[in-house]
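All remarks here apply to the structure that follows.
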Amino acid sequence: MNKRLNILAYVITFSIIGLIVVQYLFIKKERNLLENQYRMSIQQAISKVDNRIKEYEVDNLTENPNSIVAQILRADSASFFGRFSFKSLQNAWCELNKIYEKKSSSSHTAKKNSDSTADSLSAAGGFLNHNSEDLRRLEKLAIYLTFRDLLCRQPIHQRVPADSLQIWLKEEFRERNMNFPFGFAIFNDGIQTVVHNNEFKTGPGYFTVSYPVMRDGNGRNKYVLKVSIPFRYIHTRTFYYLIALGLAFLFILVIVYLITLYQLYKQRYLAKIKNDFINNITHEFKTPIATINLIADTIKSPAIINNPDAIKKYIKNLKNENRRMLDQVEKILTLGKIEQNKWIWKNEPISVNETIEDVIDQLSLILQEKGGHITFEPMADRDIIQGDPVMVHNIFVNLIDNAIKYSKDKPEIQVRTYNKKNYVVAEIKDNGIGMSKTVQKHIFDKFYRKPTGDVHNIKGHGIGLTFVKQVLDRLGADIFVESEPGKGTTFFIYFPLKKPKKSKSPGDKHTKNN
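Here the working numbering is used: the first residue of the sequence shown is 703, the next is one more, and so on.
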């Protein structure tokens, strides 16, 4: 079962890790997809703005009626195409065709792909005659291409004002449903120019898109327009909500898995200690049952049945073994009743000093058999508590009995009582084998026993300290332990001198004063 449980835990763990990795990759992919969509939209908007920059520059060239460009345009030419060089018209047509290639009809596309440029321009003339706006645009493009070298010599801030550039970008962004603040700047060979706004920032937290603008006569892009947008506008609330929802479900799944895994290992641990308890209690019952069976067979023998003194001796031993089994059963049943709240608790005044003295008298013979010694110092002037006398008596029986069982060759046990504020403290110290910090965490667990090689070398079944903790909780008392391997163990019990209350724990008192 342990192997299957471990394999199941490993498989589920790897599945959870795989799910986390897939979730991360999915979020990363969605983020990249969203950013690419915005990048394409922004680049398209900048491309449109680049055309508007060209038109703006042409308007500046032609708005002066005395300029050479204006005079050329007013010249009486045979046709529109006669005003410009063939090369300028060809380039202008290509530029305009790129803009309208998605809007053109299939016949127009066929004409565009014709081998003869002259035929294409003639076809373009026929197409543009029906659209004065397109005709005007082609004219501006031709002017721009003709005088591009002249325009490229002007400073960038004279070619395009920052205010106009911001207006054009905002209009193009609005057409693409990108209504959020942005920054922009034009760079010349990697150096930022004066054409920018105050919102332009780069670095972490900003989404930056670059696009070349205003090509020179050699087709080289000297200038680059960069647009920066805070990521909080790129990654919309819906995107964050989806991420948060996915992470929330993943978090719940991990928590449920950890709780389930904890419960599985806890059940395995409980099953183990339950089996240990069954083995221990079976061993505890096996010895008295075998002894009783042996005594019964002995009494039946002719040599004993006619000897009254021998019969009395064996009957006494029989009664002791029977009492031993009865005590074991009563202890288990009592613990069960306490856990199920079926025990009828008495609430009587109890003297802690007198109770300890009675327990010492009860266990004195066992202590003498092991050659041990116990001292008691009743220093508590106020030792009266409220509770069940039988239960309080059994608390000290279990603790002192454990001190005897887990001590070395000759047990040396020290018991003393003293008052601390509103508590009477009972301190039980032995010179036993002690226990580690790990063992101390489990000593009050049901059926738990300190591993000491062969557990049957020390009698018990792992419910003594559990019983002690259950009773003390009911009395409103607390118990603490100090121990080191090989240096013995000391238990501190804090009994309230008045009616039990749950408001304050004396743990801090013990920590501060010990």
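We put the beta carbon where it would ideally sit given N, CA and C, even for glycine.
Computed from a predicted model, the values in this text were never measured in an experiment.
Inset, instruction - Taking the CB atoms as reference points, tell me whether Val-1092 and Phe-1197 lie closer together than 8 Å. - result: No, the Cβ-Cβ distance between Val-1092 and Phe-1197 is not below 8 Å.
Legend entry - Run of the alpha helix (DSSP H) containing Asn-1055, from where it starts to where it stops: Residues 1054–1071.
Inset, instruction - Could you say which of Asn-1009, Glu-1129 and Pro-914 lies nearest to Arg-746 if we only look at CA atoms? - result: Residue identity differs from the one stated: residue 746 is Gln in this sequence, not Arg. The shortest Cα separation from Gln-746 among Asn-1009, Glu-1129 and Pro-914 belongs to Pro-914.
Inset, instruction - With DSSP collapsed to three states, give me the class of His-1075. - result: Reduced to three states, the DSSP call for His-1075 is strand.
Inset, instruction - Tell me whether the beta-carbon of Phe-886 lies closer than 8 Å to the beta-carbon of Asn-899. - result: It is a contact, given that the beta carbons lie within the stated cut-off.
Legend entry - Through-space distance from Pro-1010 to Asn-1024, alpha-carbon basis: Approximately 21 Å between the Cα atoms of the pair.
Legend entry - For Ile-714 and Lys-1214, the rounded distance between their alpha carbons: With a pLDDT of 44 at Lys-1214, under the threshold of 50, the modelled position of that residue is not reliable, and no figure is offered here.
Legend entry - Beta-carbon separation (whole angstroms), Phe-1193 vs Ile-1130, contact threshold 8 Å: About 5 Å separates the Cβ atoms of Phe-1193 and Ile-1130, confirming a contact at the 8 Å cut-off.
Legend entry - Where Gln-856 sits in the DSSP three-state scheme: DSSP places Gln-856 outside both helix and strand once states are collapsed to three, so it counts as coil.
Inset, instruction - Give the straight-line distance between the Cα atoms of Lys-1123 and Ala-1012, rounded to the nearest whole angstrom. - result: Rounded to the nearest angstrom, the two C-alpha atoms are 57 Å apart.
Inset, instruction - Select from Asn-1008, Pro-1080, Ile-1007 and Ile-997 the residue whose C-alpha is nearest the C-alpha of Tyr-1016. - result: Residue Ile-997 is the option with its Cα nearest to Tyr-1016.
Legend entry - Phe-1146 and Leu-1167 closer than 8 Å at C-beta: Taking 8 Å as the Cβ cut-off, Phe-1146 and Leu-1167 qualify as a contacting pair.
Inset, instruction - Report the three-state DSSP secondary structure of Lys-1002 (helix, strand or coil). - result: In the structure shown, Lys-1002 falls within a helical segment according to DSSP collapsed to helix, strand and coil.
Inset, instruction - Determine contact between the stretch 1073–1086 and the stretch 1109–1129, defined as no fewer than three beta-carbon pairs at a distance below 8 Å. - result: Yes, since at least three Cβ pairs between the stretch 1073–1086 and the stretch 1109–1129 fall closer than 8 Å, the two stretches touch.
Legend entry - Beta-carbon contacts of Gly-1136 that lie in its chain and below 7 Å, excluding the five residues immediately before and after: Within its own chain, the residues whose Cβ lies closer than 7 Å to the Cβ of Gly-1136, once the five positions on either side in sequence are excluded, are Ser-1185, Glu-1186, Pro-1187, Gly-1188, Lys-1189, Gly-1190 and Thr-1191, listed in chain order.
Inset, instruction - Measuring alpha carbon to alpha carbon, tell me which of Leu-867, Asp-1090 and Lys-1139 ends up nearest Asn-1049. - result: Answer by Cα proximity: Asp-1090.
Inset, instruction - Return the CA-CA distance between Ile-893 and Tyr-935, expressed in angstroms with no decimal places. - result: Spanning the two alpha carbons is a distance of roughly 27 Å.
Legend entry - For Tyr-758 and Ser-866, believed in contact at Cβ under 8 Å, the rounded distance: Yes, Ser-866 and Tyr-758 are in contact; Cβ-Cβ is about 7 Å, under 8 Å.
Inset, instruction - For Asp-891, count neighbouring Cβ atoms within 10 angstroms of its own Cβ and tell me buried if that reaches 16, exposed if not. - result: Taking a 10 Å sphere around the C-beta of Asp-891, we find fewer than 16 other C-beta atoms and assign the residue as exposed.
Inset, instruction - Check the DSSP bridge columns for His-898 and list the partner residues they point to. - result: BP columns for His-898 point to Ala-887.
Legend entry - Assigned secondary structure, Met-916 (DSSP; H/G/I helix, E/B strand, else coil): Met-916: strand per DSSP, three-state reduction.
Inset, instruction - Please report how far the alpha carbon of Lys-1035 lies from the alpha carbon of Ile-1115, in whole angstroms. - result: According to the sequence as given, residue 1035 is Leu; it is not Lys. Each residue's alpha carbon lies about 29 Å from the other.
Legend entry - Exposed unless 16 or more other CB atoms sit within 10 angstroms - verdict on Trp-795: Bear in mind that the predicted position of Trp-795 carries a pLDDT of just 47, short of 50, making it unreliable; the figure below should be weighed with that in mind. Looking at its Cβ environment, which holds 16 or more other Cβ atoms inside 10 Å, Trp-795 is buried.
Inset, instruction - Quick one: using the 10 Å Cβ neighbour count with 16 as the cut-off for buried, is Glu-874 buried or exposed? - result: Under the 10 Å beta carbon count, Glu-874 is surrounded by 16 or more other beta carbons and is classified as buried.
Inset, instruction - With a threshold of 16 other CB atoms inside 10 Å of the CB of Thr-904, please say whether the residue is buried or exposed. - result: Exposed is the call here.
Inset, instruction - Reducing DSSP to helix, strand and coil, say where Val-862 ends up. - result: Val-862 falls in the coil class under three-state DSSP.
Legend entry - Ser-1138 in three-state terms, based on DSSP: Coil, per DSSP.
Inset, instruction - Count the other C-beta atoms from every protein chain shown that fall within 10 angstroms of the C-beta of Leu-721, then say buried if there are 16 or more, exposed otherwise. - result: By the neighbour-count criterion, in which 16 or more other beta carbons inside 10 Å mark a residue as buried, Leu-721 falls on the exposed side.
Legend entry - alpha helix (DSSP H) segment containing Ala-1105, residue limits: Where Ala-1105 is concerned, the enclosing alpha helix (DSSP H) starts and stops at 1091–1107.
Inset, instruction - Report yes if the C-beta distance between Leu-1199 and Ile-1086 is below 8 Å; otherwise report no. - result: The answer is yes: Cβ separation under 8 Å.
Inset, instruction - Can you have a look at Ile-709 and say buried or exposed, based on whether 16 or more other CB atoms are within 10 angstroms of its CB? - result: Result: exposed.
Inset, instruction - Could you check which residue in Gln-868, Glu-1056 and Asn-738 has the C-alpha nearest to that of His-937? - result: Nearest option by C-alpha distance: Asn-738.
Inset, instruction - Alpha carbon to alpha carbon, how far is Leu-947 from Ile-931? Give it in angstroms, no decimals. - result: Each residue's CA atom was taken as its position, placing Ile-931 and Leu-947 some 25 Å apart.
Inset, instruction - Under 7 Å Cβ to Cβ from Leu-1101, same chain only, skipping five residues before and after it: list those, please. - result: Only Ile-1130, Val-1170 and Phe-1193 meet the Cβ criterion.
Legend entry - Exposure of Met-916, with buried meaning 16 or more beta-carbon neighbours within 10 Å: Under this definition Met-916 is a buried residue.
Legend entry - Proximity below 8 Å, CB of Val-896 to CB of His-859: The beta carbons of Val-896 and His-859 sit closer together than 8 Å.
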